[in-house]
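What follows is one structure encoded as structure tokens, with my remarks underneath.
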Amino acid sequence: MPNLHNPLLVFTDLDGSLLDIHTLDWQPAAPWLMRLREAQVPVILCSSKTAAEMTQLQKTLGLEGLPLIAENGAVIQLDTRWEADPHYPRLITGASVEDILRILQKLREEGGYKFTCFAEVDDQAIADWTGVSRSQAGLAKLHIASETLIWRDDDAQMAAFSAALAQYGLRFMQGARFWHVLDQQAGKDKACRWLTEQYRQRERLDYTTLGLGDGPNDAPLLDCVDFAVVIKGLNRQGVTLRDDRPQRVWHTTQEGPNGWSEGLEHFLGPL
Ligand SMILES: [Mg+2]
Numbered sequence: 008m009p010n011l012h013n014p015l016l017v018f019t020d021l022d023g024s025l026l027d028i029h030t031l032d033w034q035p036a037a038p039w040l041m042r043l044r045e046a047q048v049p050v051i052l053c054s055s056k057t058a059a060e061m062t063q064l065q066k067t068l069g070l071e072g073l074p075l076i077a078e079n080g081a082v083i084q085l086d087t088r089w090e091a092d093p094h095y096p097r098l099i100t101g102a103s104v105e106d107i108l109r110i111l112q113k114l115r116e117e118g119g120y121k122f123t124c125f126a127e128v129d130d131q132a133i134a135d136w137t138g139v140s141r142s143q144a145g146l147a148k149l150h151i152a153s154e155t156l157i158w159r160d161d162d163a164q165m166a167a168f169s170a171a172l173a174q175y176g177l178r179f180m181q182g183a184r185f186w187h188v189l190d191q192q193a194g195k196d197k198a199c200r201w202l203t204e205q206y207r208q209r210e211r212l213d214y215t216t217l218g219l220g221d222g223p224n225d226a227p228l229l230d231c232v233d234f235a236v237v238i239k240g241l242n243r244q245g246v247t248l249r250d251d252r253p254q255r256v257w258h259t260t261q262e263g264p265n266g267w268s269e270g271l272e273h274f275l276g277p278l
């Protein structure tokens, strides 16, 4: 079992995990965030959101300066203390957002697929879709190596679209609310492994890793950590993990930030 006296890294999804899926509230997780900060345990946010949005969230959550995994792993923002790293400030994997948008436009012209990209709408539209403020919505558009879209076509077209993207080395991924297009080489799992290795090398400590997530798109992340918390969510399919033994995986009975705290309490003991 992990504990707060040994080196520990926490990787967490945001929407539906640390943040309430409807209200984006995180207060039920505040006592545990504080406890982890006291114990100097890095909490690494890991999401489909942009690095700009997540940097803002880090400030709100008291996690400033820590690394983060943005755009489903296509963008890793390094710890602010790692300026000497050749990748500083960010490690980008795969195609740029400009390349991805060009390919999306080409596919739409050829296949008549119906979808709306974040890049095609104004901040107010994104604020309406996501429930965030207009200024935060502007940050949601600052993609570096992926694009977020609303799919407006049928399942047959989706299969064809997904196959067409694969021809360009891109993947079509379902998130909590939207769909995401990113390079096939990028992923939350690869980003998690890379960061864990960075910590091991830099601190010369043998870190235990703990991950928390609520959706099928978190499965690769939850598969690559030592201990996993599957937070009860809205998704019908649930989350299927390769190693689902109860010693390694805890399925919470509560949702969102309450489930987040429940999972930490399960593995780390009461506050
Ligand atoms: Mg989620």
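What the sequence shown shows, in this note's numbering, is residues 8 to 278, in sequence order. For each residue, glycine too, the CB sits at the ideal point set by N, CA and C. None of the values given here were measured: they were computed from a predicted structure.
Taking C-beta to C-beta, are residue i and residue j nearer than 8 Å?
i      : j      : result
Glu71  : Ala147 : no
Leu75  : Gln84  : yes
Asn79  : Ala193 : yes
Ala171 : Leu114 : yes
Leu21  : Val48  : no
Leu217 : Pro14  : no
Phe122 : Ile157 : yes
Asp230 : Leu248 : yes
Where does residue i fall in DSSP's three states?
i      : result
Ala235 : strand
Phe185 : coil
Leu75  : strand
Trp257 : strand
Glu262 : strand
Asp225 : helix
Arg249 : coil
Nearest to residue i by alpha carbon, out of the options?
i      : options                           : result
Asp160 : Leu75, Leu11, Leu108 and Gly118   : Gly118
Leu177 : Ala183, Met165, Lys195 and Ser153 : Ser153
Arg42  : Ser24, Leu68 and Ile28            : Leu68
His29  : Gly194, Gly138, Ser142 and Gly266 : Gly138
Ser24  : Gly245, Ala170, Gly263 and Ala91  : Gly263
Trp267 : Asn13, Glu78 and Val17            : Val17
Tyr120 : Ile110, Gly276 and Leu85          : Ile110
Lys197 : Asn13, Asp250, Arg255 and Val82   : Val82
Arg184 : Val232, Gly145, Ile133 and Asp233 : Ile133
Glu127 : Ser140, Leu271 and Glu105         : Glu105
Sort out for me which residues DSSP pairs residue i with in a bridge.
i      : result
Val50  : Val17
Asp106 : None; Asp106 has no bridge partner.
Cys124 : Leu156
Arg178 : Leu189
Asp22  : Leu26
Gln84  : Leu75 and Arg97
Thr216 : Leu16
Would you say the beta carbon of residue i comes nearer than 7 Å to a heavy atom of ligand 1?
i      : result
Ala198 : no
Asp22  : yes
Ala183 : yes
Asp27  : no
Asp230 : no
Gly222 : yes
Asp250 : no
Asp190 : no
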